[in-house]
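Peer 1:
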Amino acid sequence: MSELQAFFFDENRKRDDIYDFAAWGVSQELLLDLRSAFIDLTGAYKARSRRQAWRSVRKFLDYIEGNTDFSSQMLRNFGTLEEQQLLLGTCQSHYNFVSRMVRWLSEHSDNKIWSSQQYEYRKFTRELKSSRSKYIGPEELAEIVRICKKEISQIRSRLEVRRTILEGGKVKHSELTENDVQSLKFLINLESNGVWSQRQLAQPGTSRLSHVGLRRLQAFRELNPRSILPIYLLMMIETAANPISLLEIKTNCVESHPTDNSLSIVSWDKPRASNEQRVSFLKQGQFSIAALVDLTLSGTENIRRIAGVDEDLLFITRSGSKVKRVSIQGIHDQLTKFRAEYSLHKFSFVDIRKSIAELMNGKHRSQAHVAHMLQHNGLSTVLRYINPRENHHKAFERISKIQGEMIRIATVVEADKLPQTLFGFSCGRESEAKDCLEFTNCAVCKNALVIIDDPRYVARILKSKLFLEEMESSSALQADKIVRFNHVYKSTLELIRGEIIPKITKGVIAKAEALISETPDLPRMY
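First residue of the sequence shown? That's 1 in full-length UniProt numbering, and the numbers climb one at a time after it.
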C-alpha cells in the first residue's frame with residue numbers, strides 16, 4: 001500500500017475505491033497534504049460523489065504541476081477555470097471543492113503555503129443555456145417513444161422464444177432458422193453447467209457449437225446492452241428520473257399502492273437526495289412502468305444468479321461469463337447507435353429530463369409543479385432545468401394577449417357582438433345564450449343586457465311588448481292561462497313597460513317603430 005494512495009470502500013459495488021496521488025510530478029509533502037485533506041473531506045461521501053470530487057483534485061494537481069509559483073495567489077490563479085473552456089457550473093464545482101481543501105489544509109497542515117493563501121469568493125454565473133444542452137420538442141419526444149415501444153415489442157417477441165423452448169413448445173420466429181433454434185436450445189441447456197462464453201464452448205468435450213454467433217443469439221436468451229436501451233429510455237421519459245439514479249434502480253422498485261389497486265408505486269435512490277424518490281403509476285398497459293420492470297426481470301432472470309454484488313440491480317447484462325451492472329459509458333454508447341440507426345438529432349439522457357421539465361412548465365405554467373415532478377425540494381434547483389428568461393417572455397406574451405383581447409372587447413361595437421334573446425334583450429354569456437333553457441326569464445337574469453340606443457334592438461323589444469300584451473288579453477278569460485301568464489311572462493311585460501321604454505329616447509323609438517314590420521314575429525308560446 002502506497003502512502004500516496006487514498007483508500008476507501010465502495011459499499012455499493014463491494015470493492016475497494018482507490019485514488020492515487022503519485023501520478024503527478026509534485027513534491028511529496030504537498031501530495032501528502034492533499035491526500036490527507038481528500039480523505040478527511042470525502043470520507044463520508046458516497047463513492048460516486050467522491051469520484052466527482054476527485055476530478056476537482058486532479059484539476060488542482062494539474063495546475064500545481066504546471067506552476068512553480070506557490071505564492072499566496074495560488075488559489076486565486078487556479079480560479080481562472082473558465083479559460084479552460086469548461087461549463088461555468090463545472091468551474092464552480094471544481095473551485096468550491098478545492099477551496100474547501102485549501103481551507104482545511106490551512107488549519108491542519110504545518111506547511112505555510114496553505115496558511116498564506118488569500119481566499120476569494122468566486123461566483124461563476126451559470127450559462128442561461130448550456131452549449132451542450134439540446135431541447136427535444138414534443139414531436140421528437142413522441143417519435144422516440146414510438147421507436148422505443150416498437151423495439152420493446154420486438155424484445156418481448158424474442159424473449160418469448162426462450163420461454164417456448166423451456167416449455168418444450170415449437171419455436172417459429174422470422175429471425176431464426178431451424179439450425180438457429182437447435183443451437184439456441186443447446187445454449188440454453190448449457191447455462192445450467194455455467195457455460196456462457198465462446199471460449200468455454202471451445203474447450204474440449206464441451207460442445208460442437210464454437211462457431212455459433214453467440215452475440216446474435218444472445219437477444220433470444222436474455223437482455224443485452226442494446227435491448228436494455230429502449231426500456232431504459234421509456235422508463236426515463238415516463239418517470240423524468242435522474243439518468244444515473246434510474247440506471248441503478250433496484251429489482252424491488254415496484255410495490256403495490258396501499259389504497260388504490262389500479263396503481264403501483266415506483267421508488268429509487270438519488271445521489272445526494274435526502275429522501276427516496278417515489279412516484280405512482282397505473283399498473284395496466286403493456287408499456288407501464290410495472291410492465292417494463294417485469295420485462296426486464298424476466299429478461300435477466302437466467303443471468304441474475306451470477307451477477308454477484310450487482311444482483312439486486314434491475315439493469316444488468318452479461319459479457320462472456322461475467323454479469324455486471326450496465327455502465328454509464330456503455331449505455332451512452334448504445335444511445336449513440338440508437339440515434340444513428342433512426343437518424344435522430346443528437347441528444348443525451350440529461351436532455352430528455354430537461355426537455356420534459358420544459359414541456360411540463362409550458363403546460364402547467366408552474367415551477368412548483370415541475371419541482372414536484374422532478375422531486376426537487378427547492379425551486380432554485382428547478383431553474384437549472386428550465387429557462388427562466390424564456391418563461392418571462394412567455395408570461396409577457398400571455399399578458400399581452402389578454403390585454404389585447406380586453407382592448408378588442410372594449411372597442412368593438414357591442415350591438416354587433418352580443419346575441420339577441422327572445423324578447424329583445426342581449427346576453428353577456430355569448431356561448432351559453434344559444435342553448436339557455438331560461439329564455440323566458442331574461443328580465444330577471446343577472447346576465448341580461450338591454451341596449452336602448454340601437455333601433456334594431458329596440459324594435460325587437462317593442463314587438464315583444466305588443467306580443468305580450470296580446471297574450472295577456474287573450475288569457476284574461478281563462479283561469480289556467482292567466483295563472484301561467486302571470487307566472488311566466490308578466491314580470492317581463494312590466495319591466496318593458498315601466499323600466500325600459502321610459503328610458504328610450506323618442507328619436508330611437510321612432511326609428512324602431514319603422515322597423516317593427518321587418519322584425520320577425522315571435523314564436524307562438526303557451
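No residue lacks a Cβ here, since even glycine has one placed at the ideal position from N, Cα and C.
The structure displayed is predicted, hence computed values, not measured ones.
Apart from the five residues on each side of it in sequence, which residues of its chain come closer than 8 Å, Cβ to Cβ, to histidine 332?
Peer 2: Correct list, in chain order: Ser348 and Phe349.
Peer 1: Starting from leucine 30, trace the alpha helix (DSSP H) both ways and give me its first and last residue.
Peer 2: Per DSSP, leucine 30 belongs to the alpha helix (DSSP H) from 28–42.
Peer 1: Quick check: the stretch 106–125 against the stretch 30–47, are there 3 or more CB pairs under 8 Å?
Peer 2: Touching, yes, given that three or more Cβ pairs across the two stretches are closer than 8 Å.
Peer 1: Tyrosine 19 bridges to which residues according to DSSP?
Peer 2: Ala6, per the DSSP bridge assignment.
Peer 1: Which same chain residues end up closer than 7 Å to alanine 476 when comparing Cβ atoms and leaving out the 5 residues on each side of it in sequence?
Peer 2: Answer for alanine 476: Ile482, listed in chain order.
Peer 1: Just how far apart, CA to CA, sit arginine 325 and tyrosine 63?
Peer 2: Rounded to the nearest angstrom, the two C-alpha atoms are 35 Å apart.
Peer 1: Compute the Euclidean distance between the alpha carbons of valine 458 and serine 473, then round it to the nearest angstrom.
Peer 2: Straight-line Cα distance between these residues: approximately 23 Å.
Peer 1: Tell me which residues share the same chain as phenylalanine 97 and place their Cβ nearer than 7 Å to its Cβ, disregarding the 5 neighbours each side in the sequence.
Peer 2: Closer than 7 Å at Cβ, skipping near neighbours: Ala53 and Ser56.
Peer 1: Under three-state DSSP, which class holds phenylalanine 349?
Peer 2: Helix at phenylalanine 349.
Peer 1: In terms of alpha-carbon separation, which member of Arg318, Asn302, Ser319 and Val323 lies closest to valine 309?
Peer 2: Of the listed residues, the one whose Cα sits closest to valine 309 is Val323.
Peer 1: Using beta-carbon positions only, say whether arginine 163 and glutamate 222 come within less than 9 Å of one another.
Peer 2: Going by C-beta atoms, arginine 163 is not nearer than 9 Å to glutamate 222.
Peer 1: Leaving out five residues on either side along the sequence, give the residues of the same chain with a beta carbon under 7 Å from the beta carbon of valine 293.
Peer 2: Hits under 7 Å: Cys253, Val254 and Leu314.
Peer 1: Give me the Cα-Cα distance between leucine 201 and asparagine 224, rounded to the nearest whole angstrom.
Peer 2: Roughly 19 Å separates the two Cα atoms.
Peer 1: According to DSSP, is serine 288 helix, strand or coil?
Peer 2: Reduced to three states, the DSSP call for serine 288 is coil.
Peer 1: Please classify serine 473: does DSSP put it in a helix, a strand, or coil?
Peer 2: In this structure, serine 473 counts as helix in the three-state DSSP scheme.
Peer 1: Label serine 505 either buried or exposed according to how many other C-beta atoms from any shown protein chain fall within 10 Å of its C-beta, with 16 as the threshold for buried.
Peer 2: As written in the sequence, residue 505 is threonine, which differs from the serine given in the question. Classification of threonine 505: exposed, given that the 10 Å Cβ count is below 16.
Peer 1: Could you say which of Arg278, Ser245 and Ser288 lies nearest to serine 262 if we only look at CA atoms?
Peer 2: Comparing Cα positions, the closest option is Ser288.
Peer 1: So for glutamine 203, helix, strand or coil by DSSP?
Peer 2: Glutamine 203: coil per DSSP, three-state reduction.
Peer 1: State the beta-bridge partners of leucine 462 as determined by DSSP.
Peer 2: Its beta-bridge partners do not exist; DSSP assigns none.
Peer 1: Would you be able to state if there are at least three C-beta pairs under 8 Å between the stretch 464–472 and the stretch 507–515?
Peer 2: Contact fails: fewer than three Cβ-Cβ distances are below 8 Å.
Peer 1: To the nearest angstrom, how far is the alpha carbon of phenylalanine 186 from that of serine 343?
Peer 2: If I take the Cα positions, the gap works out to 37 Å.
Peer 1: What does a CB cutoff of less than 7 Å around serine 174 pick up in its chain, not counting 5 residues either side in sequence?
Peer 2: Hits under 7 Å: none found.
Peer 1: Assuming the contact rule is C-beta atoms closer than 8 Å, lysine 134 and lysine 346 should be a hit. Round their C-beta distance to whole Å, please.
Peer 2: The Cβ separation is near 6 Å, so the contact holds.
Peer 1: Using a 10 Å radius around the Cβ and a threshold of 16 neighbouring Cβ atoms, would you call glutamine 286 buried or exposed?
Peer 2: The residue in question, glutamine 286, is exposed, as its Cβ has fewer than 16 Cβ neighbours within 10 Å.
Peer 1: Could you check whether lysine 250 and aspartate 269 sit closer than 9 Å to each other, using their CB atoms as the reference points?
Peer 2: For aspartate 269 and lysine 250, yes; Cβs fall inside 9 Å.
Peer 1: Restricting to runs no shorter than 4 residues, where is the alpha helix (DSSP H) found entirely within the stretch 142–201?
Peer 2: 178–190 and 198–201, all fully within the stretch 142–201.
Peer 1: Check whether the Cβ of tryptophan 196 sits closer than 8 Å to any heavy atom of the ligand NAP, and report yes or no.
Peer 2: Absence of the ligand NAP from the depicted structure is noted, as is the absence of any ligand whatsoever, leaving it without description.
Peer 1: So leucine 141 and serine 355 are in contact, right, with Cβ under 8 Å, and what is the actual spacing, rounded?
Peer 2: Sure, about 6 Å apart at Cβ, within 8 Å.
Peer 1: Within 10 angstroms of its Cβ, does asparagine 59 collect 16 or more other Cβ (buried), or is it exposed?
Peer 2: Note that residue 59 is lysine in the sequence shown, not asparagine. Classification for lysine 59: buried.
Peer 1: I need the DSSP call for threonine 125, collapsed to helix, strand or coil.
Peer 2: Three-state result, threonine 125: coil.
Peer 1: Is it buried or exposed for serine 71, if we count other Cβ within 10 angstroms and need 16 for buried?
Peer 2: Classification for serine 71: exposed.
Peer 1: Among Val102, Leu184 and Val171, which residue has its Cα nearest to the Cα of lysine 112?
Peer 2: Of the listed residues, the one whose Cα sits closest to lysine 112 is Val102.
Peer 1: Could you give the DSSP three-state label for alanine 508: helix, strand or coil?
Peer 2: Checking the displayed sequence, the identity of residue 508 turns out to be valine instead of alanine. In this structure, valine 508 counts as helix in the three-state DSSP scheme.
Peer 1: Per the DSSP calculation, phenylalanine 281 is bridged to which residue(s)?
Peer 2: According to DSSP, phenylalanine 281 bridges with Ser264.
Peer 1: From which residue to which residue does the alpha helix (DSSP H) around glutamate 238 run?
Peer 2: Its alpha helix (DSSP H) spans residues 225–239.
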